[in-house]
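What follows is a set of notes on a single structure, which appears directly below.
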Amino acid sequence: MSDLDKKIIDIFKDVAIRKSLTKKVGLTDRALPSFIIDWLVSRYMDQNGNLNIGKVNTFIEKHLPDRTKKQLIYDRLFRGEKVKIIDAYKVEIDLKRGEYKLLIPCLDINNAEISSLIIEENPKLLLGNVWGVGTLQYTLEEGKEGKVSMIEFKPMESVKTDLDYFIQARQDFTLQEWMDLIIKTMGYNPNFYTEQQKIWMIARLTPFVHPRINLIELAPKGTGKSSVFSKLSRYCWLISGGIVTRAQLFYNMAEKRAGIIAFFDTIVLDEVQTIRFQKPEEIIGALKGYLASGEFKVMGYQGTAEAGFVLLANIPMNADNRPKSKFLFETLPYFCRETAFLDRFHGFLPGWDLPKIKKGTLEYEGYALRADYFSEILHQLRSKNSHLEFVKRHISFPSEAYIRDVKAVESLTAALLKLLFPDLNLDLDLLNQYCLRPAFLLRKGIKGQLNLVDPEYPSEVGEYKLLE
């Protein structure tokens, strides 16, 4: 066991997990988020890090079935058993019938019954993909079709977190150890990444820890960009392909209900080339306003939110694994090529600088933090203002600096501070090397693309000074 693993176990005893055990439960091939798998492993892992595979398999069979086992669950329901199932539940409204319909993916059921009380207590169900424990029962009344109903729902709860303890624990790790801990918790082997690559990997988490950070990442296929957002945190909503509506994103006027932007910390548009906006002018207009100010208007409704936006896409690469085109957005939808839209994104992450995911990048025997615990920590860090105050106190921009550049660099620097130095115990050299310079490079990526579209935009971010 490495010294780092011993330290993780000693300091984070209750939330440390052997990541290699997640492979042994046989769930890695299923579309399950890391926070579900880690929760299950920790439930049946003893103090010595050993996993009771028998109990895990029994639990999966009873409460976490895949579609191939649905007939066994049907049989239990048919015999009158109340069955508890963990799944990503969703509720739709049938306006013609005037009723709610519950979707249970693992059972291929799309018309189960659910009470309005459960929906009132769990409004995210109307947005879909809410992981939780649903208690199901089957009823068959004379002269009517049989129905599956949800009689109780408990969303997956994170392990209890103490943010102050997490922040104080930073002092017990070197910077390199702390970076490796984060990389391992994200599900990767830190030994396969250079220091700069680790910084870019960790930069993917900036929208999780600081309000309204907007990123673009373009990369070849297989660099793992979408898996971080789809599996790490229950506070992230990923849209991959299909049609996106203004009601889904912002506000549904017909149902008087806020969209996903009000319920999640990060909204990810994955494979953005395959996404289509319904009434694109309306959505792009609302999106531009929101990205700039955090406010949005839908007809007579005006709202605010703190979710950040992330755009992910694959781009053509040459034989040297570099982008074929100097203008990186030429294969993306038209709105991604507009300067007014691009300028509202804080940073551009060069995904081609990260290695493609291989067997070795995902396999290691060491310890990390439980994903459900870590995602809750990231969420709570959003409310910390001291890191942005620290940045503004120690970094000075000239009066002629472009205000969007200043805000972008300040936000990205504060976010990297929260991730790498949550206790704010660092000198100016560390601030510059690991937080400020990476933030400048992320913003410079946006500026360079803006300059290619419109030469009136300078390609450089500008000057700054560090203040004691």
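FYI, my numbering numbers position 259 of the sequence shown as 1205, with every residue one higher than the one before it.
Backbone N, C-alpha and C define an ideal beta-carbon position, used for all residues, glycine too.
Per DSSP, cross-strand counterpart(s) of residue 1186: In the DSSP secondary-structure assignment, residue 1186 is bridged to 1216.
Between the CA atoms of residue 1256 and residue 986 - distance to the nearest angstrom: Near 29 Å, if we compare the C-alpha coordinates of residue 1256 and residue 986.
When 1254, 1190, 1243 and 1233 are compared against residue 1223, the one with the closest alpha-carbon: 1190
Cα-Cα separation between residue 1009 and residue 1373, rounded to whole angstroms: 50 Å
Touching by the beta-carbon criterion (3+ pairs, under 8 Å), the segment 1077-1090 and the segment 1104-1111: no
Contact the segment 1213-1221 vs the segment 1256-1270: 3+ CB pairs below 8 Å: Touching, yes, given that three or more Cβ pairs across the two stretches are closer than 8 Å.
Other residues of its chain near residue 962: CB distance less than 8 Å, five sequence neighbours each side excluded: The answer, listed in chain order, is 954, 955, 1313, 1314, 1315 and 1316.
Within 8 Å, strictly: CB atoms of residue 1053 and residue 1016: yes
When 1014, 1396, 1354 and 1128 are compared against residue 1284, the one with the closest alpha-carbon: 1396
Backbone CA spacing between residue 1293 and residue 1014 [nearest angstrom]: A straight-line Cα-Cα distance of about 43 Å links residue 1293 and residue 1014.
Exposure of residue 1063, with buried meaning 16 or more beta-carbon neighbours within 10 Å: exposed
Start-end ranges of the beta strand (DSSP E) lying completely within the segment 1150-1213, minimum 3 residues: 1161-1165 and 1182-1190
Contained beta strand (DSSP E) runs [length at least 3] in the segment 1022-1080, N- to C-terminal order: If only uninterrupted beta strand (DSSP E) runs of at least 3 residues are considered, those enclosed by the segment 1022-1080 are 1029-1040, 1045-1050 and 1055-1060.
Continuous beta strand (DSSP E) stretch holding residue 1260: start and end: 1254-1260
Cβ neighbour criterion (16 or more within 10 Å) applied to residue 1413: exposed
Cα-Cα separation between residue 1200 and residue 981, rounded to whole angstroms: 34 Å
Nonlocal neighbours in the same chain, by C-beta distance under 7 Å from residue 978, ignoring five residues either side: none
Residue 1195 vs residue 1230 beta-carbon contact at 8 Å: no
Anticipated Cβ contact below 8 Å, residue 1096 with residue 1077, distance rounded: Rounded, the Cβ-Cβ distance is 14 Å, inconsistent with contact.
Touching by the beta-carbon criterion (3+ pairs, under 8 Å), the segment 1375-1395 and the segment 1353-1365: yes
Where residue 1149 falls, given that 16 or more other Cβ within 10 Å makes a residue buried: Residue 1149 comes out buried.
Identity of the residue in 1075, 1125 and 1247 nearest residue 1147 by Cα: Here the closest residue by C-alpha is 1125.
8 Å Cβ cutoff met for residue 1178 and residue 1345: For residue 1178 and residue 1345, no; Cβs fall outside 8 Å.
Where the beta strand (DSSP E) through residue 1279 begins and ends: Residue 1279 -> no beta strand (DSSP E), and no H or E assigned at all.
Neighbour-count burial assignment, residue 960, 16 or more Cβ in a 10 Å radius: exposed
Reference residue 1023, options 1350, 1219, 1151 and 1055, closest by Cα: 1055
Anticipated Cβ contact below 8 Å, residue 1298 with residue 1328, distance rounded: Here residue 1298 is actually not in contact with residue 1328; their C-beta atoms are around 29 Å apart, not less than 8 Å.
Sequence-distant residues of its chain with Cβ nearer than 8 Å to residue 1279 (five each side left out): If we look at residue 1279 and ignore the five residues flanking it on each side, its Cβ neighbours are 1218, 1219 and 1221.
Per-residue burial, residue 1351 [other beta carbons within 10 Å of its own, 16 or more giving buried]: buried
Rounded C-alpha distance that separates residue 1002 from residue 1018: 18 Å
Per-residue burial, residue 1307 [other beta carbons within 10 Å of its own, 16 or more giving buried]: buried
For residue 1096: DSSP bridge partner residues: In the DSSP output, where bridge partners are listed per residue, residue 1096 has 1060 and 1082.
Same chain, Cβ closer than 6 Å to residue 968, five either side skipped, listed in chain order: 983 and 987
Element boundaries [alpha helix (DSSP H), containing residue 1394]: 1383-1399
N-terminal and C-terminal residue of the alpha helix (DSSP H) that residue 1249 is part of: Per DSSP, residue 1249 belongs to no alpha helix (DSSP H); it is in the beta strand (DSSP E), 1247-1250.
Three-state class that DSSP yields for residue 1101 in the structure shown: strand
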